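One structure is given below, encoded as structure tokens.
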Amino acid sequence: MPLDTHWVSKKLWYSTLKKAGLAKRRAYETRHTAAVLHIAALENPLYISQMLGHSDTRLLFDVYAPYVANASQRDGASFDKLMNKMIP
Numbered sequence: 220m221p222l223d224t225h226w227v228s229k230k231l232w233y234s235t236l237k238k239a240g241l242a243k244r245r246a247y248e249t250r251h252t253a254a255v256l257h258i259a260a261l262e263n264p265l266y267i268s269q270m271l272g273h274s275d276t277r278l279l280f281d282v283y284a285p286y287v288a289n290a291s292q293r294d295g296a297s298f299d300k301l302m303n304k305m306i307p
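For the sequence shown, counting from 1, position 77 maps to 296 in the working numbering; every step adds exactly one.
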């Protein structure tokens, strides 16, 4: 028998948010929040993609990475630091 997502939302999800003092939001939005927080924490992109059920990292970067400031600010920084150590 398939999961009745309407029932889950109405009876479980929204009441849990209310008890926690959180604003009403769709459960699916929490998926996006989790993805962005993992990216912001600089978790392994392959791990995040697998957690979300994506077949590769392309969708992760196309959809989520542009919204995370520190993910884009670090682009190349580690490589530059390595090169500066190796090249006098």
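Note that beta-carbon positions come from the ideal geometry of N, C-alpha and C, so glycine has one too. Please read all numbers here as calculations on a predicted model, not as lab measurements.
Residue burial is scored here from C-beta neighbours: A296 has fewer than 16 other C-beta atoms within 10 angstroms and is therefore classed as exposed. Annotation for L279: A254, I258, P264, I267, S268, L271 and H273 place their beta carbon closer than 8 Å to its own, counting only its chain and skipping 5 residues before and after. Inter-residue distance for K300 and G240 is about 44 Å (C-alpha atoms, whole angstroms). Annotation: the continuous alpha helix (DSSP H) that includes D299 extends over A296 to M305.
S228 sits close to A246, with the two beta carbons spaced by under 8 Å.
For R277, the uninterrupted alpha helix (DSSP H) segment begins and ends at R277 to V282. Pairing K230 with L236 gives a Cβ-Cβ distance that is not under 8 Å.
Secondary structure of S274 (DSSP, three-state): coil.
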